[in-house]
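Residue numbers -19 to -1, 1 to 533, in mature numbering (1 follows the signal peptide of the UniProt record, and there is no 0), belong to the letters of the sequence shown in order. Here is the structure we will look at.
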Amino acid sequence: MVMRLFCCLLLLSAMPTWAATKLEASVDKNPVLAGEFFMLNITVDDTVKGQQPDTSALLKDFVVGPTSLSSRTNIINGSINKQTTWSVKLMTRAEGEYTIPPFSVAGLTSQPINLKVAKRSADADKNNDIFLKTELSSNSIFVQEAGVYTIKLYLAKELLDGSLSTPNMEDAQLTQLGKQTESYELVDGKRYLVLTREYLIQPQKSGLYTIAGPAFQGRVQQNYRQLEVSALGDDQQIEIKPIPSNYKGAWLPSELVNLDEQWQPEENTVEVGTPITRTITLTALGVTKEQLPEITMPTIDGIRSYPDEKENNNAVRDGRVVSQQTASYALLPQKPGTYTLPEIKLPWYNTKINRISYATLPKRTITVTSNANTPSPDVTTAIASNEQSSKINPSSNLAQQSTLEPVIQSVTPLWLIIVAVLGYILWIITAILFWLNRSTNNELKIDSLKSNNKAPLSLNRLKNAAKVNNSSAFYSELNNVARELTGKNVAAIDALTNLINNSELTALINQLQATLYANNSTKSDLNAIIKIIEQYQAQSNTSQQAVLKDLY
């Protein structure tokens, strides 16, 4: 028993302690070239889980790549050695002497590293198989004006893999435009594959700023070998100018803003009820689609307007951001007349001449006529009013005639007196005959009213169109029904809504017109329209029956 305890104590004393005792930091190159990637390794002599060194202090002087972790265990002659290593790729943008700070893991601290960075020769990129170029669409832009930052990566060898850092700028947003493109260029007789990326710059504050050059690291194939390569682009200086203090209104800085319109049909004369499509296009250079102002159409009495959905787009053309907004409106004339659509005027700040400019659409006059097969309502109204005035005020007409005719006085002859007496006798006889035949005349009048009490107008065609949910055919048949019920050939549907005087019917017809002329996805209830018209016909028939009863 004593021997067993003694052996256990010997084994325990022979076992190594597993606590970490040493933390080291090292680099694989020193000195290095500016723009050249090198590897920083941080190693501890133990297995460490759930901990890693804080490398955020490196961001001040270095381009920091991702951190990789590896661990291994070696057993040599019964001795167990454990090791955990963190590897970080680093790069400096400028020459000089740098200090890699100490790191702490598992209660241990490494020693700082002094790093010397040599200047990259001017001909290094020219003779290299890989290099970067950067350029700006303009080195001076206004706040909220859109600029384009372009990165080109030149490759003379087959690229296996690689990564390109994303550019950044203080007080600005950089967004990649589309996908990268590939092309080929000859540089000093050498053929390169060129990968191009474009970024949209949206500055939010004024001042002088620097866009740090992008960094690339990757691997290329050379003579059955894989080589690690790196490249660094040049920094770009950019001036962001403030909004002028004397500028008023919505801020729209641009080199060019244009308003254009299209009409369908293009004629300036149309008939009542003919839909007109007006498409307005706003194009601006050097701004994003989110900065484009809303285009609005003024309302015009006598013409209904149904706006369609607006479309905003942007693209890059020759290193410039081009944004466009398209707005369509369906115009529906309601009555004849001459209408003037007012001028549309949009202010913007011209960055070329540094002053306010205006994009305009001139006013346009259109003439709306009645249907070719019907008389003009204005002429009909004028004739009716003249006839009515003549009936209402006959004494006025007689007075006018009496003023024009001279008064002639003469002695009444005997034969005229005899004719007057005979006429009086005939009048008495006529009155007696009228009294005797009064009942017969009353029956004739009742028959006449019955004949006028026609059957309700058939709505079968409306119902068929509603059954197949054909809004266009339904609207056409509704116009025919409106003409029959109102006797109006111009704006018959509007006359029908006024005649029936039902708010629900008015709302349903407006919704139907919006569906037809404004690409509105909401469908109108066609059967509800038919039901309201049938109720109106039933009420009209009941009123007519009441009149007949009063005559009996």
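C-beta: ideal position from N, C-alpha, C; glycine also.
**OP:** Determine, using beta carbons only, whether V129 and R301 come nearer to each other than 8 Å.
**Re:** yes
Original post:
Near R178, what residues of its chain come up, given a Cβ to Cβ distance below 7 Å and the 5 sequence neighbours on each side ignored?
Top reply: I132, Q157, Q161
**OP:** Can you tell me the Cβ-Cβ gap for P234 and Y310, rounded? I've got them flagged as a contact below 8 Å.
**Re:** 28 Å between Cβ atoms; not a contact.
**OP:** Name the one or two DSSP bridge partners that Y165 has.
**Re:** L174
**OP:** May I ask you to list the residues that DSSP assigns as paired with Q217?
**Re:** I192
Original post:
By the 10 Å Cβ neighbour count, where 16 or more other Cβ atoms means buried, how is N295 classified, buried or exposed?
Top reply: buried
Subject >> Cα-Cα separation between L477 and E485, rounded to whole angstroms >> reply: 13 Å
Original post:
Is the beta carbon of L117 sitting closer than 8 Å to the one on L134?
Top reply: no
Subject >> Every unbroken alpha helix (DSSP H) within the region 282 to 337, with a cutoff of 4 residues, ordered by chain >> reply: none
Subject >> In DSSP terms, what K222 is bridged to >> reply: F123
Original post:
Do the CB positions of L240 and I261 come within less than 8 Å of each other?
Top reply: yes
Original post:
Where do the N-terminal and C-terminal ends of the beta strand (DSSP E) with R345 fall, by residue?
Top reply: 345 to 350
Original post:
Which partner residues does residue 535 have in the DSSP bridge list?
Top reply: The requested residue 535 does not occur in the structure, where the chain is confined to residues -19 to 533.
Subject >> Closest residue to Q492 among N482, A509, I481 (Cα-Cα distance) >> reply: A509
Subject >> N- and C-terminal bounds of the alpha helix (DSSP H) containing N479 >> reply: 473 to 481
**OP:** Whole angstroms is fine: what's the gap from Q494's alpha carbon to T341's?
**Re:** 30 Å
**OP:** Mark N433 as exposed unless 16 or more other C-beta atoms lie within 10 angstroms of its C-beta, in which case mark it buried.
**Re:** Unreliable positioning characterises N433 in this predicted model, as indicated by a pLDDT of 44, which lies under 50. The coordinate reading is nonetheless provided below. Burial call: exposed.
**OP:** Could you check how far apart the C-beta atoms of Q64 and S52 are, in whole angstroms? I think they sit under 8 Å.
**Re:** 7 Å
Subject >> Nearest-angstrom beta carbon gap, A75 and A15 [assumed within contact, 8 Å] >> reply: 6 Å
**OP:** Measure the alpha-carbon distance for V175 versus L96 and round it to whole angstroms.
**Re:** 33 Å
Original post:
Out of F123, D110, G88, D35, which has the shortest C-alpha to C-alpha gap to I81?
Top reply: D35
Subject >> Endpoints, beta strand (DSSP E) assigned at T260 >> reply: 257 to 266
Original post:
Under 8 Å, do D42 and T73 count as touching if we go by C-beta distance?
Top reply: yes
Original post:
Can you name, in chain order, every residue of its own chain whose Cβ lies under 7 Å from the Cβ of Y517, other than the five neighbours on each side?
Top reply: I481
Original post:
Can you pull the DSSP bridge partners for K70?
Top reply: M20
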